[in-house]
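Visitor: Residue numbers (the numbering used here): 26 to 371.
Even for Gly, the Cβ is constructed at its ideal location relative to N, Cα and C.
Just passing along the structure, written as C-alpha cells.
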Ligand SMILES: Cc1cc2nc3c(=O)[nH]c(=O)nc-3n(C[C@H](O)[C@H](O)[C@H](O)COP(=O)(O)OP(=O)(O)OC[C@H]3O[C@@H](n4cnc5c(N)ncnc54)[C@H](O)[C@@H]3O)c2cc1C
C-alpha cells in the first residue's frame, strides 16, 4: 500500500521540523505556509532545553551551526534598579535568528522532497484525518485584565555582559542575546492593562526601557535594523493540554510557554520529534488516525505539564514589581534557586 500523505498547516519551526522528520522516513508531506521565507519573527531567538536533542537526532544542529548559530553559556539578570553578575547556564543554549533558521529549515525540507506551499493560508475548520495543525500561538480570546504584546528588533553596538541578558521591569521583560553576524536580538514581552491604548507606535522606547535602568544604558548607543522590527499582540499564556484538543497539534498550536523560559522553540522541536513515529505509522497504515493523535497528545502532555506549571509561577514572580529586586538578588546569590528555576522550566 502506498504511504498516505500528511498535510501540515504552518511552516514555522514545529511544522517544518515535523515535515523534515517525516521526509527522512519517506512519508509524503505537504506544508502550507501563509508567509514567505526568509522573514523576521517576534522571538528571543534563544534555544534552550531538550529540543536540542531533537535537533541532534534530525541532524538539524549541524544545519543551524552551518547557518551561523552562536553558542550561549552564560546569563545575567537585571531589574530596573539592580544588576546581578553573569552566571553559567546549567546547560548550553544556542542563538540563531528566525530569519535564518526558518529559511534554512524550509530549504532543507524541499531538498528532502517535501512540498512547501509558500504564501498559502489554509482555511480554518478543516483539520481532519491526515492534517496536522502547526499554526503557532492561538490568539488571546478571553478579556482578562492584561493583554500581552511582543516586540523584536536586531541591533548593533550593544555591549553585553553575558550571552543572554534578561531585564525585568514593571511593564514586562526584555531579553538580549547575540545572534549570527554580530547582531544582537532585542526582544520584549510587555503587558497592557485593559483600557490602555493599542500596541505602541514608539517601539524603540518600549525596548529601551526606562531612563537610567541597566537596559537603557545597554542600548544607549544601539543602532537598530529597521527592517528587522516586528510586533505581535493578543498573546495567550494560559497553559493548555494537548489531549484537550480535538485536532492533531504540534508546537505553540498546543500551548505557549511564557517566553521568559526561552523554551518555546524547544517545545516546538520536541513536539515535532514526538509526532514523527505515530504519524509515520498512520501513513503506512499501521495505526488509525485517532490513535496516532492521542499517542502524540499523551507524549506532549507528559513531557510539558511540569514545566508549564513552573513557568507560569516564574513568570508571575518576574512580573510582580515588588519581587523583581528580590528575584535578581536570589539569582545572583543562590545556585540552588538559579538551577531549580532553569531546570524545572525545561
Ligand atoms: C515575545 C516572544 C519571545 C520569545 N522568545 C523565545 C525565545 O527566546 N526562545 C524560545 O525558545 N522561544 C521563544 N518564543 C516562543 C517561540 O517563538 C515559539 O514557541 C515558536 O515560534 C513556536 O513555533 P511554532 O512552529 O509552533 O509556531 P510559529 O513559529 O509561530 O509558526 C507557525 C506558522 O504557521 C503559519 N500559519 C498560521 N496559520 C496558518 C494557516 N491557516 N495556513 C498556513 N500557514 C499558517 C504562520 O505563518 C507561521 O509561520 C518567544 C515568543 C514570544 C511571543
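Over what stretch of residues does the alpha helix (DSSP H) that includes residue 112 continue unbroken?
Guide: No alpha helix (DSSP H) contains residue 112, which is instead part of the beta strand (DSSP E) from 112-120.
Visitor: Identify the residues that DSSP records as bridge partners of residue 385: which are they?
Guide: This structure gives no information on residue 385, because the portion of the chain shown stretches from 26 to 371.
Visitor: In terms of residues, what are the limits of the beta strand (DSSP E) holding residue 310?
Guide: It is not in any beta strand (DSSP E) - residue 310 carries neither H nor E in the DSSP assignment.
Visitor: Could you tell me which whole alpha helix (DSSP H) segments of length 4 or greater appear in the segment 288-352?
Guide: 289-308, 314-344
Visitor: Give the DSSP bridge partners of residue 210, in chain order.
Guide: DSSP output for residue 210 lists 179, 202 as bridge partner(s).
Visitor: Alpha carbon to alpha carbon, how far is residue 365 from residue 359? Give it in angstroms, no decimals.
Guide: Cα to Cα, the separation comes out at about 10 angstroms.
Visitor: Where does residue 275 fall in DSSP's three states?
Guide: coil
Visitor: How would you call residue 227, buried or exposed, if buried means at least 16 neighbouring beta carbons within 10 angstroms?
Guide: exposed
Visitor: Do residue 321 and ligand 1 come close, with the Cβ less than 7 angstroms from some heavy atom?
Guide: no
Visitor: Mind checking whether residue 45 and residue 134 have CB atoms under 8 angstroms apart?
Guide: yes
Visitor: Given a threshold of 16 other Cβ atoms within 10 Å of its Cβ, counted over all protein chains shown, does residue 286 qualify as buried or as exposed?
Guide: buried
Visitor: Can you tell me whether DSSP reads residue 149 as helix, strand or coil?
Guide: Correct three-state label for residue 149: coil.
Visitor: For the candidate residues 177, 301, 35, 319, whose alpha-carbon lies nearest to that of residue 145?
Guide: 35
Visitor: Within 10 Å of its beta-carbon, does residue 148 have 16 or more other beta-carbons around it, so buried, or fewer, so exposed?
Guide: The C-beta of residue 148 has fewer than 16 other C-beta atoms within 10 Å across all chains shown, which makes the residue exposed.
Visitor: Rounded to whole angstroms, what's the CA-CA distance from residue 28 to residue 314? Just pull it up for me.
Guide: Answer to the nearest angstrom: the Cα atoms are 14 angstroms apart.
Visitor: Where does residue 79 land, buried or exposed, given buried means 16+ other C-beta within 10 angstroms?
Guide: buried
Visitor: With a threshold of 7 angstroms (Cβ to nearest heavy atom), would residue 57 be considered close to ligand 1?
Guide: yes
Visitor: Under 8 angstroms by Cβ, that's how I've got residue 137 and residue 61 pegged, so tell me the actual separation to the nearest angstrom.
Guide: Rounded, the Cβ-Cβ distance is 20 angstroms, inconsistent with contact.
Visitor: Among 209, 185, 232, which one has its Cα closest to the Cα of residue 197?
Guide: 232
Visitor: Is the segment 123-131 in contact with the segment 82-95, if contact means three or more CB pairs nearer than 8 angstroms?
Guide: yes
Visitor: With a Cβ-Cβ cutoff of 8 angstroms, do residue 200 and residue 185 count as a contact?
Guide: In terms of Cβ geometry, residue 200 and residue 185 do not form a close pair [threshold 8 angstroms].
Visitor: To the nearest angstrom, how far is it from the Cα of residue 94 to the Cα of residue 164?
Guide: 30 angstroms
Visitor: Assuming residue 58 and residue 142 are in contact, meaning their beta carbons sit under 8 angstroms apart, how far apart are those beta carbons, in whole angstroms?
Guide: 7 angstroms
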